[in-house]
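Peer 1: I am attaching a structure below and will ask some questions about it afterwards.
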Amino acid sequence: MRFTRDHEWVELNGDVATVGITAYAAEQLGDVVFVEAPDVGKVLNQGDAMAVVESVKAASDVYAPVSGEVVEANGELADAPETVNAAPEAGGWFAKIKVSDPSQVDALMDRAAYEEYLGTL
Amino acid sequence: MSSEADLKKTPLYDAHVAAGARMVPFAGYAMPVQYRDGVLREHLWTRESAGLFDVSHMGQAKLRGVSPLSAFEEITPGDFIGLAPGKQRYSLLLNKKGGIIDDLMASRPDDDGLFVIVNGACKDNDFRVIDDELAPQVTIERLENRALLALQGPKAAEVLAKHIPEAAGKVFMDSWATTGFGVDVLISRSGYTGEDGYEISIPASAATDVWNTLLADERVKPIGLGARDSLRLEAGLPLYGHDVDETVSPVEAALTFAVSKKRRDAQDFPGAARIVRELAEGPSRVRVGLKILSGAPAREGAEIADTDGTVVGVVTSGGFAPSLGHPIAMGFVPPALAAVGTSLNVIVRGKSGAAEVVAMPFVPNRYVRKV
Numbered sequence: 111m112r113f114t115r116d117h118e119w120v121e122l123n124g125d126v127a128t129v130g131i132t133a134y135a136a137e138q139l140g141d142v143v144f145v146e147a148p149d150v151g152k153v154l155n156q157g158d159a160m161a162v163v164e165s166v167k168a169a170s171d172v173y174a175p176v177s178g179e180v181v182e183a184n185g186e187l188a189d190a191p192e193t194v195n196a197a198p199e200a201g202g203w204f205a206k207i208k209v210s211d212p213s214q215v216d217a218l219m220d221r222a223a224y225e226e227y228l229g230t231l
Numbered sequence: 173m174s175s176e177a178d179l180k181k182t183p184l185y186d187a188h189v190a191a192g193a194r195m196v197p198f199a200g201y202a203m204p205v206q207y208r209d210g211v212l213r214e215h216l217w218t219r220e221s222a223g224l225f226d227v228s229h230m231g232q233a234k235l236r237g238v239s240p241l242s243a244f245e246e247i248t249p250g251d252f253i254g255l256a257p258g259k260q261r262y263s264l265l266l267n268k269k270g271g272i273i274d275d276l277m278a279s280r281p282d283d284d285g286l287f288v289i290v291n292g293a294c295k296d297n298d299f300r301v302i303d304d305e306l307a308p309q310v311t312i313e314r315l316e317n318r319a320l321l322a323l324q325g326p327k328a329a330e331v332l333a334k335h336i337p338e339a340a341g342k343v344f345m346d347s348w349a350t351t352g353f354g355v356d357v358l359i360s361r362s363g364y365t366g367e368d369g370y371e372i373s374i375p376a377s378a379a380t381d382v383w384n385t386l387l388a389d390e391r392v393k394p395i396g397l398g399a400r401d402s403l404r405l406e407a408g409l410p411l412y413g414h415d416v417d418e419t420v421s422p423v424e425a426a427l428t429f430a431v432s433k434k435r436r437d438a439q440d441f442p443g444a445a446r447i448v449r450e451l452a453e454g455p456s457r458v459r460v461g462l463k464i465l466s467g468a469p470a471r472e473g474a475e476i477a478d479t480d481g482t483v484v485g486v487v488t489s490g491g492f493a494p495s496l497g498h499p500i501a502m503g504f505v506p507p508a509l510a511a512v513g514t515s516l517n518v519i520v521r522g523k524s525g526a527a528e529v530v531a532m533p534f535v536p537n538r539y540v541r542k543v
């Protein structure tokens, strides 16, 4: 699993990346009450606003951690947005992206580097 | 934008930090937006037990003079000459065009003038306006050495009665001066959550002791501004600077209850011509409650459209309603589209979601009007 400075995570299987937000991001947001997942087929550039996650008090953008085409969105979040808090780095995934440049994943932080980064915040 | 170092602190700043609060800038103060439990649980706790809020950023003042009650009628549409000792009234500070400069509470807890509480973000301007309009017949003493706590929820009365026994015998909008927690207290049975509860003004020097004493009761938890906002939204109560501003009249804001019958007949308050006309002929827009039936929460700034897609208004505040389990909003629409049951749409990030006009409050209020 790799991580961005905006607190998204990526797990690459073949050329498909599963993406979501980190446990730290979920804790900072508080109770998630609504998720707008990306549409399947949408082509994203790394850093594009990909999804929206809403807590009681605010809406926040989730950015595409890698470039590619959305091949699947987590439909369960529509009925159970609280999954993002309960299992942010597992069942609370947002989308699967067919990556156009796998080297983008390698350039992201590994867990140790991400935890070091969290220590600076 | 002010940096964090410029922010003022209430007397309870250290207590908030110690309780794990997330502090944010609000009305020029560093204020707790939430504690460890988070907005959702804090909201629900207030509705089922009792929540304690620090609202010391709000502006407290005493207005004194030969007849401060009649003078106050020069700048508000309320019946203050008829305000009995021991009573509080919700009112509006109006500009010459009938727009709302601020909303406020004014009360007679004792024989010493009129006690007013105004919004924190508006207080400097409010007291300047009051002074401009009413000096020298009225003098203003800002009570900057006092903190203000709100204890809200169905268990607030039992909790407070341990410290201030007579509190249990008071009703909604009673106001009185007493001794409690070993200090002088100005208190009312009111609040801004839709729940029963009290607003408690105490000397700043006693704030931390009173705060800790109330929190020592297991029925009470500290509640941040995040839940205060979702609670007042469910209660259908407007938030100044969002739902109401200097362009909005009391009629448009659906606050006509604050324009007393006597004053309507006399037409002797600022902007009376517009307000009386709107009462007779209807305003061009009116604040309504919306239940969001599908899609994302509609927040401040989201457009409201009719079922043909024509934009007819705008959301002024909205979000997820924890006690209802779905999003709600307030916004302004033409009166023809304001009837309960009217189907509308809200446009969030370019997507249209179904909404329906519903009566406010969204969650029934639980004010204690009889004991």
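Chains as they are written, first to last, in our numbering: chain A, 111 to 231; chain B, 173 to 543. Built from N, CA and C at the ideal position, the CB exists for glycine as well. Source: prediction; values computed, not measured.
Determine whether the Cβ of residue 167 (chain A) lies closer than 7 Å to any Cβ atom of chain B.
Peer 2: Translated into positions along the first sequence, residue 167 (chain A) becomes position 57. Yes, contact with chain B.
Peer 1: With H, G and I counted as helix, E and B as strand and the rest as coil, what does DSSP make of residue 174 (chain B)?
Peer 2: Along the second sequence, read from residue 1 onward, the residue named residue 174 (chain B) stands at position 2. No answer about residue 174 (chain B) holds up, because its pLDDT of 49 lies below 50 and its placement is not dependable.
Peer 1: Helix, strand or coil for residue 478 (chain B) per DSSP?
Peer 2: As a first step, residue 478 (chain B) must be located in the second sequence, where it is residue number 306. Here residue 478 (chain B) sits in coil by DSSP.
Peer 1: Taking the Cβ atom as the reference point for each residue, do residue 126 (chain A) and residue 176 (chain A) lie within a distance shorter than 7 Å?
Peer 2: In the first sequence, residue 126 (chain A) corresponds to position 16, counting from 1. In the first sequence, residue 176 (chain A) corresponds to position 66, counting from 1. Not a contact, by the Cβ cut-off of 7 Å.
Peer 1: Using the Cα positions of residue 362 (chain B) and residue 368 (chain B), report the straight-line distance between them to the nearest angstrom.
Peer 2: Here residue 362 (chain B) is taken as the residue at index 190 of the second sequence, counted from 1. Here residue 368 (chain B) is taken as the residue at index 196 of the second sequence, counted from 1. So the alpha carbons of these two residues sit roughly 7 Å apart.
Peer 1: Which stretch, first to last residue, makes up the beta strand (DSSP E) that contains residue 262 (chain B)?
Peer 2: Indexing the second sequence from 1 puts residue 262 (chain B) at position 90. 260-266 is the extent of the beta strand (DSSP E) around residue 262 (chain B).
Peer 1: Any C-beta of chain A within less than 9 Å: which residues of the region 507-528 of chain B qualify?
Peer 2: Those would be 520, 521, 523, in chain order.
Peer 1: For residue 131 (chain B), which of B:207, B:183, B:267, B:251 has the nearest alpha-carbon?
Peer 2: Residue 131 (chain B) is absent from the model: chain B starts at 173 and stops at 543.
Peer 1: Counting only beta-carbon separations shorter than 7 Å, does residue 198 (chain B) have a partner in chain A?
Peer 2: As a first step, residue 198 (chain B) must be located in the second sequence, where it is residue number 26. It does not: the Cβ of residue 198 (chain B) has no partner Cβ on chain A nearer than 7 Å.
Peer 1: Do you know how far the Cα of residue 265 (chain B) is from the Cα of residue 186 (chain B)?
Peer 2: In the second sequence, residue 186 (chain B) corresponds to position 14, counting from 1. In the second sequence, residue 265 (chain B) corresponds to position 93, counting from 1. About 33 Å.
Peer 1: Does the separation of the CB atoms of residue 162 (chain A) and residue 146 (chain A) fall below 7 Å?
Peer 2: Position 52 of the first sequence, counted from the first residue, corresponds to residue 162 (chain A). Position 36 of the first sequence, counted from the first residue, corresponds to residue 146 (chain A). Closer than 7 Å, so yes.
Peer 1: Determine contact between the region 500-507 of chain B and the region 453-472 of chain B, defined as no fewer than three beta-carbon pairs at a distance below 8 Å.
Peer 2: Contact between the region 500-507 of chain B and the region 453-472 of chain B is present, because at least three Cβ pairs lie under 8 Å.
Peer 1: For the beta strand (DSSP E) containing residue 447 (chain B), list its first residue and its last residue.
Peer 2: Indexing the second sequence from 1 puts residue 447 (chain B) at position 275. Segment 444-453 is the alpha helix (DSSP H) holding residue 447 (chain B); no beta strand (DSSP E) there.
Peer 1: CA-CA distance, residue 124 (chain A) and residue 199 (chain A)?
Peer 2: As a first step, residue 124 (chain A) is located in the first sequence; it is residue number 14 there, counting from the start. As a first step, residue 199 (chain A) is located in the first sequence; it is residue number 89 there, counting from the start. If I take the Cα positions, the gap works out to 19 Å.
Peer 1: Can you tell me whether residue 248 (chain B) is buried or exposed, with buried defined as 16 or more other CB within 10 angstroms of its CB?
Peer 2: Taking the first residue of the second sequence as position 1, residue 248 (chain B) is located at position 76. Buried, by the Cβ-count rule.
Peer 1: What's the gap between the Cα of residue 345 (chain B) and the Cα of residue 173 (chain A)?
Peer 2: Mapped onto the second sequence, residue 345 (chain B) falls at position 173. Mapped onto the first sequence, residue 173 (chain A) falls at position 63. If you take the alpha carbons of residue 345 (chain B) and residue 173 (chain A), they lie about 49 Å apart.
Peer 1: Could you pull out every residue in the same chain whose Cβ sits closer than 6 Å to the Cβ of residue 541 (chain B), ignoring the five residues on either side in sequence?
Peer 2: Mapped onto the second sequence, residue 541 (chain B) falls at position 369. Same-chain partners within the cutoff: 343, 344.
Peer 1: Which same chain residues, not among the five before or five after residue 180 (chain B), have their C-beta less than 6 Å away from its C-beta?
Peer 2: As a working note, residue 180 (chain B) is residue 8 in the second sequence. These residues qualify, in order along the chain: 200, 201.
Peer 1: Residue 298 (chain B) and residue 273 (chain B) look like a contact to me (Cβ under 8 Å); what is the Cβ gap, rounded to whole Å?
Peer 2: One-based indexing of the second sequence puts residue 298 (chain B) at position 126. One-based indexing of the second sequence puts residue 273 (chain B) at position 101. About 7 Å; that satisfies the 8 Å criterion.
Peer 1: Just list the alpha helix (DSSP H) runs in the region 255-330 of chain B, keeping only unbroken ones of 4 residues or longer that don't cross its boundaries, in chain order.
Peer 2: For the region 255-330 of chain B, whole alpha helix (DSSP H) runs of length 4 or above, ordered along the chain, are 295-306.
Peer 1: Does any residue of chain A have a CB that is nearer than 7 Å to the CB of residue 239 (chain B)?
Peer 2: Sequence index remark: in the second sequence, residue 239 (chain B) carries index 67 (1-based). No, because no Cβ of chain A sits closer than 7 Å to the Cβ of residue 239 (chain B).
Peer 1: Closer than 7 Å, CB to CB, is residue 469 (chain B) near chain A or not?
Peer 2: Mapped onto the second sequence, residue 469 (chain B) falls at position 297. So, interface residue.
Peer 1: What is the rounded straight-line gap between the Cα of residue 384 (chain B) and the Cα of residue 194 (chain B)?
Peer 2: Stepping through the second sequence from its first residue, residue 384 (chain B) is reached at position 212. Stepping through the second sequence from its first residue, residue 194 (chain B) is reached at position 22. Their Cα atoms are separated by approximately 18 Å.
Peer 1: Measuring only between beta-carbons, confirm whether residue 492 (chain B) sits less than 7 Å from chain A.
Peer 2: As a first step, residue 492 (chain B) is located in the second sequence; it is residue number 320 there, counting from the start. Yes, because at least one Cβ of chain A sits closer than 7 Å to the Cβ of residue 492 (chain B).
Peer 1: Given 8 Å as the limit, is there contact between the region 434-442 of chain B and the region 285-302 of chain B, that is, 3 or more CB pairs closer than that?
Peer 2: Taking 8 Å as the limit for Cβ pairs, the verdict is that the region 285-302 of chain B does not touch the region 434-442 of chain B.
Peer 1: What residues in the region 199-212 of chain B have a beta carbon less than 8 Å from any beta carbon of chain A?
Peer 2: Cβ contacts with chain A: 205, 206, 210, 211, 212.
Peer 1: Taking only beta carbons into account, state which residues of the region 136-167 of chain A come closer than 8 Å to chain B, listed in chain order.
Peer 2: Residues 140, 141, 143, 144, 146, 162, 164, 165, 166, 167.
Peer 1: Decide if residue 334 (chain B) is buried, meaning its Cβ has at least 16 other Cβ atoms within 10 Å, or exposed.
Peer 2: Looking up residue 334 (chain B) in the second sequence gives position 162. Exposed: under 16 other Cβ atoms inside 10 Å.
Peer 1: Could you list the residues in the region 365-399 of chain B with a C-beta less than 7 Å from some C-beta on chain A, going in chain order?
Peer 2: The region 365-399 of chain B vs chain A, Cβ under 7 Å: 398.
Peer 1: Would DSSP call residue 517 (chain B) helix, strand or coil?
Peer 2: If you number the second sequence from 1, residue 517 (chain B) lands on position 345. Reduced to three states, the DSSP call for residue 517 (chain B) is strand.
Peer 1: Do residue 218 (chain A) and residue 115 (chain A) count as a contact pair if the criterion is CB distance below 7 Å?
Peer 2: Taking the first residue of the first sequence as 1, we reach residue 115 (chain A) at position 5. Taking the first residue of the first sequence as 1, we reach residue 218 (chain A) at position 108. No. Outside cutoff.
Peer 1: What are the start and end residues of each continuous beta strand (DSSP E) run of 3 or more residues lying completely inside the region 347-391 of chain B, in chain order?
Peer 2: As far as the region 347-391 of chain B is concerned, its whole beta strand (DSSP E) runs of at least 3 residues are 347-352, 355-360, 369-375.
Peer 1: DSSP on residue 180 (chain B), reduced to helix/strand/coil?
Peer 2: Taking the second sequence and counting its residues from 1, the one referred to as residue 180 (chain B) is at position 8. DSSP places residue 180 (chain B) in strand when its eight states are reduced to three.
Peer 1: Could you list which residues in chain A have their beta carbon closer than 8 Å to that of residue 401 (chain B), in chain order?
Peer 2: Position 229 of the second sequence, counting from 1, holds the residue named residue 401 (chain B). Those within 8 Å of residue 401 (chain B) in chain A are 167.
Peer 1: What is the rounded straight-line gap between the Cα of residue 227 (chain A) and the Cα of residue 214 (chain B)?
Peer 2: Within the first sequence, numbered from 1, the residue matching residue 227 (chain A) stands at position 117. Within the second sequence, numbered from 1, the residue matching residue 214 (chain B) stands at position 42. Spanning the two alpha carbons is a distance of roughly 30 Å.
Peer 1: What is the C-beta distance between residue 255 (chain B) and residue 280 (chain B), in whole angstroms, given that I count them as a contact (C-beta under 8 Å)?
Peer 2: Taking the second sequence and counting its residues from 1, the one referred to as residue 255 (chain B) is at position 83. Taking the second sequence and counting its residues from 1, the one referred to as residue 280 (chain B) is at position 108. Yes, they are in contact, since the Cβ atoms of residue 255 (chain B) and residue 280 (chain B) sit about 6 Å apart, within 8 Å.
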